[in-house]
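Here is the structure we will look at, set down as structure tokens.
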Amino acid sequence: MGLLAAIILCTLTLSVTTLPIGNKSESAIVTDTFDIGPVWAGDPVLFALLTQAPYQYIAYYDAERQMTVVQRNLNERTWTSTKLGIITDWDAHKYISMAIDDDGNIHLVGNVHASPLIYLRTAQPRNASTFVKLNRMVGMNETSSTYPIFFRGPENEFIFTYRDGRSGDGNQIYNTYDLKTKTWRRLLDKPLTVKDTVEDEVDRH
1 MGLLAAIILC
11 TLTLSVTTLP
21 IGNKSESAIV
31 TDTFDIGPVW
41 AGDPVLFALL
51 TQAPYQYIAY
61 YDAERQMTVV
71 QRNLNERTWT
81 STKLGIITDW
91 DAHKYISMAI
101 DDDGNIHLVG
111 NVHASPLIYL
121 RTAQPRNAST
131 FVKLNRMVGM
141 NETSSTYPIF
151 FRGPENEFIF
161 TYRDGRSGDG
171 NQIYNTYDLK
181 TKTWRRLLDK
191 PLTVKDTVED
201 EVDRH
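For what it's worth, our numbering labels the leading residue of the sequence shown as 1, then goes sequentially.
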């Protein structure tokens with residue numbers, strides 16, 4: 001009972017820092033902090049922070065292990081919270097990845113570990129309260145996904161990658177997003193790799 005109480009009472013805190021200019025030996029200085037709310041701390045799963053003016057977003061698992069997204073205007077201290085109805089378990093691999101496309105729509109993938117893709121996108125630009133569960137991108141090789149990452153290509157392409165399969169027996173898949181049709185397609189006809197290549201901060205299983 002004591003362990004459960006300790007887990008539930010952990011609080012997600014956002015620290016705002018300034019980086020030193022010129023003197024690389026100096027450390028970043030914390031200029032402000034925000035207490036977001038109680039979070040699940042049963043395992044060291046990674047959360048997602050996204051800042052694009054005029055808004056800031058955080059995706060995390062709350063004290064009941066439910067995936068939650070909060071949003072605020074950068075000029076304000078009040079956060080609005082949206083529960084996504086997705087419950088995680090004791091698995092540090094099930095981190096959350098979140099990014100915003102050039103139309104302002106937010107894309108989110110999380111709570112996956114060699115399991116079906118969980119993919120959400122907002123119906124309204126820059127509005128985290130309008131997430132819709134799509135749970136598919138291309139529709140192929142999406143039943144055993146792990147380690148989701150959104151990133152930009154050399155021509156500003158909006159790209160998503162993940163491992164399809166299991167540790168030691170997986171392919172690295174890359175998708176690219178079409179803003180006009182709001183659809184995903186394969187960036188490459190074949191997987192770029194046939195084994196794990198993406199480095200992250202958790203042990204692989």
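Heads up, the beta-carbon is just placed ideally off N, CA and C, and yes, glycines get one too.
Taken in chain order, no unbroken stretch of alpha helix (DSSP H) lies wholly in the segment 19 to 60 with a span of 4 residues or more.
Between Thr13 and Thr33, the CB-CB gap stays under 7 Å. If you draw a straight line from the Cα of Tyr60 to the Cα of Ser97, it comes to about 10 Å. Beta-bridge pairing by DSSP links Tyr177 to Trp184. Under the three-state reduction of DSSP, Ala128 is assigned to helix. The alpha-carbon separation between Tyr95 and Thr31 amounts to approximately 27 Å. Residue state for Ile106 is assigned as strand, using DSSP reduced to three classes.
In its chain, beyond the 5 residues on either side, Leu117, Tyr119, Phe160, Asn175, Trp184 have a beta carbon closer than 8 Å to the beta carbon of Met137. Cα atoms of Ala92 and Asp43: separation of roughly 5 Å, rounded to the nearest angstrom.
In the displayed model, Lys94 falls within coil according to three-state DSSP, outside both helix and strand. Relative to the Cα of Pro148, the nearest Cα in the group Asn135, Pro154, Tyr162 belongs to Tyr162.
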